């Protein structure tokens, strides 16, 4: 029996090493899975996983895929995703996706085995300064020095990962330390309650600014989804008659059938500023301002007054002056709406009701224009992304969870898929390649729901080993690869950045058609059944059958 303290009682224990203590503490903190690619420097921990009930090792074959799978698990479960990577080269392989977790505020514990501490001065193979490697892309990075500190360090790492802003942490354990005896006590993780009510003066100041708005806009982000404030942000928007837009690369935080819900903001700051210029007050709730791919220095709000609400004080006022409301987004929005209602008179309420109706009509008309445009090419061959999204959407069951890395098809996907909150997990870190393994992680977090991954062809090639992982562990997911045989996002960005000089010049490094990637054969090579669909009339039926198959299935969809 291993030393686990529950409440005040301490259980008697036998001898165990620090590797076993590491795993025992993970279990005590609620960890169910460790995603990784094993190495000898981690073997004491890996061996302990195999001997411990309640935790399983998920073999991913590449460290980037391990991190991506853990991201999917963390986002769908609300827990910390735990990752194992092998020494310095393995950490190097993982850094890109750890960056995504950092930017996307996903809680991860990344464990890496260091070479023997006693011989580190010799600079042996696979050694390196792991903490310095990880520090730029983690909230906290630490290398263990003694066996007895392991349980406390794991508890601290879990706490840091789950403290707003959420993010990845790294714990390095030298191989010889992990093999040493550990007498320290393992304890259950004590939750850190972080719901903080905002300062009433900040709320009052924000309410006064919003009361004076003539064309307000509400921008939502991850903080809304994370704090459970979807209803609260909608209450604000419907009260003052403001359209809602999602921030770029953020979790969906607007109910799909809300008539005040508009598109997400664009990747480019110029396009975003063109939207913001139509508004005199912008309420940014639980979102960064602005996390654009192509930022513009200076005024980030195109002259609008900004009310910024966030649980992350670093983001408040970082890029844009404004009224800053620090606190839990759900509590802040509740207090803000109450404060606005207390101050509003009959004239305000009449004007807001009128504006609300006008905004709903405007958004409906804009959406209808886009649907009409889609219909003009509805029967094109190859099928358009819009037609593919429509056929996929009508095949998905109500309780489906979607891991979405559709990239340049994402706007079409958003038009035709209607998913309830906490069902739609979009890529949000900026780097691509999460899609296939993230789907696996989401399924492990939601074992009783069907899980579908929607992935672009280029992004899917970053981590195809996720197919083998699902087959190896018997994880029944469905991947839909939207294959247009180009890096379309690069072409779009090139045009956005250099539109005047693009005519007549080839796009470098974007062609994926010579030779074409045969996703059916790729999947078969990893032990996954696959289908290619070119006729849109067949797509919905293939998707339904794949979901019903109760095994991993890949569907390649050829699109324009």
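Numbering (this note's numbering), first residue to last: -10 to 549. From the three backbone atoms N, C-alpha and C, an ideal C-beta is built for every residue, glycine too. No experiment lies behind these values; they were computed from the predicted model shown.
How would you write the range of the alpha helix (DSSP H) that residue i sits in, first residue to last?
i: residue 121; result: 119 to 123
i: residue 103; result: Unbroken run through residue 103 is the beta strand (DSSP E), 97 to 103; no alpha helix (DSSP H).
i: residue 344; result: 335 to 364
i: residue 262; result: 258 to 265
i: residue 7; result: 7 to 17
i: residue 199; result: 189 to 200
i: residue 322; result: 318 to 332
i: residue 35; result: 32 to 39
i: residue 20; result: Here residue 20 belongs to no alpha helix (DSSP H), and DSSP marks it neither H nor E.
If we count the other Cβ atoms within 10 Å of its Cβ and call it buried at 16 or more, is residue i buried or exposed?
i: residue 360; result: exposed
i: residue -4; result: Below a pLDDT of 50, predicted positions are generally treated as unreliable, and residue -4, at 33, falls in that range; no measurement from the model is reported.
i: residue 542; result: buried
i: residue 330; result: exposed
i: residue 497; result: exposed
i: residue 267; result: exposed
i: residue 354; result: exposed
i: residue -1; result: Residue placement at residue -1 is flagged as unreliable, the pLDDT there being 38, under the threshold of 50; a coordinate-derived value is accordingly withheld.
i: residue 554; result: Nothing can be reported for residue 554, as the shown portion of the chain is limited to -10 through 549.
i: residue 9; result: buried
i: residue 317; result: buried
i: residue 427; result: buried
i: residue 144; result: buried
i: residue 367; result: exposed
i: residue 111; result: exposed
i: residue 249; result: buried
Taking DSSP as the reference, what is the three-state secondary structure of residue i?
i: residue 205; result: strand
i: residue 489; result: Only weak support is given to the placement of residue 489: the predicted model assigns it a pLDDT of 48, under 50, and the question is left unresolved by the model.
i: residue 25; result: strand
i: residue 83; result: helix
i: residue 450; result: coil
i: residue 381; result: helix
i: residue 367; result: coil
i: residue 398; result: helix
i: residue 254; result: coil
i: residue 184; result: coil
i: residue 415; result: strand
i: residue 297; result: strand
i: residue 445; result: strand
i: residue 525; result: helix
i: residue 231; result: coil
i: residue 542; result: strand
i: residue 304; result: coil
i: residue 393; result: strand
i: residue 312; result: strand
i: residue 170; result: strand
i: residue 471; result: strand
i: residue 291; result: coil
Tell me where the beta strand (DSSP E) around residue i begins and ends.
i: residue 552; result: Any question about residue 552 goes unanswered here, given that the chain covers just -10 to 549.
i: residue 45; result: 45 to 48
i: residue 147; result: Where residue 147 is concerned, there is no enclosing beta strand (DSSP E), although the alpha helix (DSSP H) it sits in stretches over 139 to 150.
i: residue 521; result: 518 to 522
i: residue 163; result: 157 to 163
i: residue 548; result: Looking at the DSSP string, residue 548 is not in any beta strand (DSSP E), and its letter there is neither H nor E.
i: residue 132; result: 129 to 132
i: residue 73; result: 70 to 74
i: residue 466; result: Per DSSP, residue 466 belongs to no beta strand (DSSP E) and is neither H nor E.
Considering only the beta carbon of each residue, do residue i and residue j sit closer than 8 Å?
i: residue 69; j: residue 35; result: no
i: residue 544; j: residue 467; result: yes
i: residue 298; j: residue 333; result: no
i: residue 276; j: residue 201; result: no
i: residue 113; j: residue 133; result: no
i: residue 221; j: residue 319; result: yes
i: residue 47; j: residue 337; result: no
i: residue 419; j: residue 392; result: no
i: residue 389; j: residue 438; result: yes
i: residue 269; j: residue 203; result: yes
i: residue 271; j: residue 290; result: yes
i: residue 16; j: residue 43; result: yes
i: residue 464; j: residue 532; result: no
i: residue 94; j: residue 154; result: yes
Give a yes or no on whether the minimum CB-CB distance between residue i and chain B is below 8 Å.
i: residue 251; result: Included in the structure is just one protein chain, with no chain B present.
Report task. Decide yes or no for the touch test of the region 434 to 446 against the region 375 to 395: beta carbon pairs closer than 8 Å, at least 3 of them. Result -> yes
Query raised in the report: Counting pairs of beta carbons, one from the region 18 to 28 and one from the region 389 to 403, are three or more of them closer than 8 Å?
Result: no
Query raised in the report: When the Cβ atoms of the region 98 to 110 are set against those of the region 62 to 79, are three or more pairs found closer than 8 Å?
Result: yes
Requested in this report: Would you check if there are 3 or more beta carbon pairs closer than 8 Å linking the region 450 to 466 to the region 502 to 514?
Outcome: yes
Query raised in the report: Does the count of Cβ pairs from the region 135 to 145 and the region 169 to 177 closer than 8 Å reach three?
Result: yes
Report task. Flag this pair as touching only if the region 241 to 260 and the region 191 to 198 have three or more C-beta atom pairs under 8 Å; answer yes or no. Result -> no
Query raised in the report: Does the pairing of the region 84 to 92 with the region 52 to 64 give three or more beta-carbon distances under 8 Å?
Result: yes
Requested in this report: Indicate whether the contact test is met: 3 or more Cβ pairs, each with one atom in the region 174 to 189 and one in the region 302 to 311, closer than 8 Å.
Outcome: no
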